[in-house]
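Following: one structure in structure tokens, then a few remarks.
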Amino acid sequence: MDGRQIMTADEIRRAIIRISHELVEKQAGTDGLVLVGIQRRGVPLAHRIAAAVEEHEGVTLPVGALDITFYRDDLSLIAHQPVVKGTQLPVDLNGRTVVLVDDVLYTGRTIRAAMDALVDFGRPRAIRLAVLVDRGHRELPIRADHVGKNVPTSSDEVVEVALVEIDGEDAVRIERVDVPAPTA
Amino acid sequence: MNASRIPTPPDVAWQQKHLLDVDVLSLAEIQLVMRTTDAMKEVLARPISKVPALRGTNVTILFYEASTRTRVSFEVAAKNLSADVVNIAASSSSVTKGESLVDTIRTVEALGADMIVMRHGTSGAPYLAAEVFSGSILNGGDGWHAHPSQALLDLYTMRAHLGDVRGKKVVILGDVLHSRVARSNVWSLTAAGADLWICGPTTILRGFDTWAGRWASGGAPGHVGFTVTSDVGAALRDADVVMALRLQRERMDAGLLPSLREYAARFGLTRERLAVAKPAALVMHPGPMNEGVEIAPDVAVLDRSVITEQVTNGVAVRMALLYLLAGGHPEAVTNA
Amino acid sequence: MPDLRVGKMVPLLEISRAWLVDPVGEREGPGEVVVRDGILEAVTWLQGAEADGIGPDGVLVLPGFLDIHVHLREPGNEDAETVASGLAAAAHGGFTTVCAMPNTTPAADEPGVFARVAGAAATSGSPVELLLHGAITVGRGGERLAALGELADAGAVGFSDDGSPVKSAIILRNALLYAGMLGLPIVEHAEDVTLTAGAEANEGLVATILGLKGWPAAAEISAVERAIAILDSVRADAPGARLHLTHLSTAGALDAVRRAKAAGLPVTCDVTPHHLGFTDEWVAGARRWAWEALDGAGTARDPWADGALVARPYATACRVNPPLRGAVDAAACLASLIDGTADAVVTDHAPHTAVDKETEFGLAAHGISGVELAFGVLLAAVAAGRLPLARAVAALTVGPAAVLGARPGRRGAARGLVEGEPADLVVVDAGDRWRVTADALASRGKNTPLLGRELPGRVLLTVAQGRLAYRDVAGDASGS
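Protein chains in written order, with this note's numbering: chain R, 4 to 187; chain X, 4 to 339; chain L, 283 to 762.
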């Protein structure tokens, strides 16, 4: 994608390190913390945050992956066939503090679906949210506890996060798209 | 995640509005069903094995033939996805009472059905329903013709044990003439590249020899050929999978077979017959079984019998199909 | 003749520079005809430079067609067809004479039903001549002989239980004997019903894949062989006995007739446009002509392998008795027309209501509405180089006339372009095509798998017994 770059690989790396520190500080330690990445790009981000925590705390946090496809409220609106990536949760969530990790926070609907999915697996003590980019335009009363970068956008722009694990490079770009005329 | 803005990925596979048979599915689509079934298996393993994917979707289960297993399997699948389920047991006598299938489908639609799972005794009936109904039709079995969800759960079960079935010897043993399971399995297994053998007495193989002969040098694009024989020993030798089919008592009345006893003696799946298959050969049966006729009771309970696993996988496959059909058809996206 | 209405005498019609086919004179070529006051006044064959540029791919002038096998559904099922709508459909198809089958409700097993049908024909105002077959057995029940003699006196041209075979061999034998005494043919629907109970589609690849119960060719072949054997056994007692086997659909049955004819037996047979033009592939959703479904070696192709499936499967418009067969059998039907084994083409026009067809394949009524489409199907075979035009015309005119044993002097018996006789002809633009739609069909039965498809050969004008039977209002009916 040729859009305007808003975060470089270095900036992404620093944002993850900062988030890893905030997490520990807010929890006053690492006890009971679980990182759960939302498929797809939230998953490598969760692993990176866990690695950063391990580096400065010497503690290995459990990391899970959550597929929220079955919890979306817009199944019939998804312009392509949803591809289910799968959910793997390594520990019992009861009584834990779950940190949901995603790449971009936008309308909040993904996070709403993710919280619905999580509570089907147990009753966490708390659910927190960490995102790499908050681009605004919320449609639900949801906010992130930890944000890599706040990016003001307009609704005809797309924020694309590229990660080495999936896309072969680290970058965040913003691009204007031509919104197709609604069909009659 | 601004998913609705991401352009359609090039690897999109599912293009079906209805699922009337597996013959229209590409191998890529079959593989998508398999992957989606994996996800459904994970859902089934959760403490709360229910997800809201089809919340607000009305799935009407319209069965013109008595069936417990398949109907309940679809019902559980739909409920696991939080669909609203309406059950209609339309006895075939309502046909003679004058309400046509077309009238019934229109009525069901007016009652709010978004999807219809349909079982009918006449081959091809779902194609007529699909022409009338604005939502999706999922064929739950039509006449002798097709039973796509069964063929897909059979394939899923085989893959769970064998990995890729390409080149694996799969034997379907029994009354294929009257079997929608056999016909759908021919399509899915020849698409998946299995070495498919079909075996039974000549009276109930009729037509399949023609089919196999015509496909000997390659059949429909993307499908391999298959073998038809009445020689049970040759069919079972070194088999990786043996699937026995139900033999119905009515076949004796129609003069197709002398007796159940003779059938069991010559074509029943026994330990002795199974001895020539591979040691770990899977034993399958779409149910309901006539133990002692097409399958010996001690074979049905062997460790390598996956008959109950077929039932469990049936729910997961049907969840996958309902889910894919609910989100999959192109008309649904025009208002995005 | 812009104001001329159907049923009115044609005062003057001049058709110049057309391609004429005269199966009586066994001649075809460029020519002109003049009809004055309903009489075919002049037939002129053009020679030399005058004939330049006139070919069989332009306007054709042919004798009016004769169909000895139609179902008009009156009395009893007027929602599907009436005598009036059926005769209008016939005229649209170029037919000036049709012969109705007796499987109405009640069946035409006594003269009262004949009178009612003849009355409806008179009331319709159509100049298309309606002939009638009487039933062989009472109520077509297969048990007691119908009033054959009374039916003959009332004008029956033959006897048939069509729709069902005469199951009992002894009844078939007695019918051949008795009808032979009356000088009329037995028109047999040859089917061994013990082989076809519950059958849905021609036994073979298509039926197997679609899970439809197979309808074996042997059911027709064995019934034809049986009927021929019985015919042979009655010849000594009834020299006038004649057997006509209708809607034959298999190579085996046609071979049996070929052998019987060679042995000098008084047997005739016919084939239908759908059995020679369509195949069982159509049930699976193919729509290519039968001759396109054969490979170079003369074996049937596989529509699944070919990607030839274009329509939805299980279309009930393809459900017919006998069923659409494979491409090899269809080719045999076509070949039988060329070598003369088949004497005639009949449409087996079988109109049905939407209610009787908009249902599951296995529960749908049998039959194809075909009287308006028959010549188009034959023209497609002609255009493909599979059938000489003259054979197609003969099979719709002199062929069926000979089956009935039409004597000179009987109305429409000549089936040629004969000067001085009342004009009985059809004008077709072979170079034009038309789309088959429900609205375009005069028949109440819209049950044809050709719906929505194009056919060659637009009928411009049909004149029956000097009177206007059909005129294409959209096209330009050439002439004055």
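By construction, the Cβ of each residue, glycine as well, lies at the ideal position given by its N, Cα and C atoms.
Cβ atoms of V553 of chain L and A624 of chain L come within 8 Å of each other, at about 5 Å.
Taking every protein chain shown into account, the CB of Q153 of chain X has 16 or more other CB atoms within 10 angstroms, so this residue is buried.
Classified as exposed, H59 of chain R has fewer than 16 neighbouring CB atoms from the shown chains inside 10 Å of its CB.
Cβ contact annotation for P155 of chain R (same chain, cutoff 7 Å, sequence separation greater than five): G139, in chain order. By the Cβ-count criterion, E32 of chain X is buried, with 16 or more other Cβ atoms from all chains shown falling within 10 Å of its own Cβ.
Under the three-state reduction of DSSP, I510 of chain L is assigned to helix.
Where L750 of chain L is concerned, the enclosing beta strand (DSSP E) starts and stops at 749–753. The alpha-carbon separation between V111 of chain X and P93 of chain R amounts to approximately 44 Å.
Secondary structure at R269 of chain X: helix, using DSSP grouped into helix, strand and coil. Put simply, the CB of P204 of chain X is far from chain R, with every gap to its CB atoms at 8 Å or more. Taking a 10 Å sphere around the C-beta of A149 of chain X, we find 16 or more other C-beta atoms and assign the residue as buried. Within its own chain, the residues whose Cβ lies closer than 8 Å to the Cβ of S450 of chain L, once the five positions on either side in sequence are excluded, are G424, E425, listed in chain order. Taking all protein chains in view, the Cβ of R131 of chain R is crowded by 16 or more other Cβ atoms within 10 Å, so the residue is classified as buried. For the 8 Å CB-CB criterion, D159 of chain R and V180 of chain R form a contact.
Per DSSP, the unbroken beta strand (DSSP E) holding N153 of chain R starts and ends at 149–153. The beta-carbon distance between V680 of chain L and V315 of chain L, rounded to whole angstroms, is 18 Å. This is too long to meet the 8 Å contact definition. By DSSP's assignment, Q91 of chain R forms a beta bridge with R:A68. For V105 of chain X, the chain L residues whose C-beta falls within less than 8 Å of its own C-beta are E640, T641, listed in chain order. If the five residues before and after G171 of chain R are omitted, its C-beta is found closer than 8 Å to the C-beta atoms of A165, all from its own chain and listed in chain order.
Listed along chain R are T72, F73, Y74, R75, L78, each with a C-beta nearer than 8 Å to that of A56 of chain X. If you compare the alpha carbons of R:E163, R:A133, R:L103 with that of V122 of chain R, the shortest gap goes to R:L103.
For the 8 Å CB-CB criterion, K172 of chain X and D243 of chain X form a contact. Runs of alpha helix (DSSP H) with 4 or more residues, each lying fully within the segment 154–217 of chain X, are found at 183–194, 211–217, listed in chain order. By DSSP's assignment, H526 of chain L forms a beta bridge with L:V469, L:T550. The beta carbons of P585 of chain L and A612 of chain L sit no closer together than 8 Å. Excluding the 5 residues flanking it on each side, T315 of chain X has same chain C-beta neighbours closer than 8 Å at L47, in chain order.
In chain order, H415, L466, P467, V469 place their CB closer than 6 Å to the CB of G440 of chain L, counting only its own chain and leaving out the 5 sequence neighbours on each side. Considering only beta carbons, the part of the segment 134–156 of chain X lying closer than 8 Å to chain L consists of E134, D145, G146, W147, H148, A149, in chain order. Collapsing the DSSP output to three states places P670 of chain L in coil. Contact check for N385 of chain L against A599 of chain L fails: the beta carbons are separated by 8 Å or more. When the Cα atoms are used, I22 of chain R and A133 of chain R turn out to be separated by approximately 8 Å. Rounded to whole angstroms, W214 of chain X and G127 of chain X show a C-alpha spacing of 19 Å. Listed in chain order, the beta strand (DSSP E) runs fully inside the segment 9–75 of chain R are 36–41, 66–69, counting runs of at least 3 residues. Of the candidates L:D714, L:D474, L:G522, the residue whose Cα lies closest to the Cα of A509 of chain L is L:D474. Of the other Cβ atoms in all chains shown, 16 or more fall within 10 Å of the Cβ of D444 of chain L; this residue is therefore buried.
Three or more beta-carbon pairs separated by less than 8 Å link the segment 288–303 of chain X to the segment 253–272 of chain X, which places the two stretches in contact.
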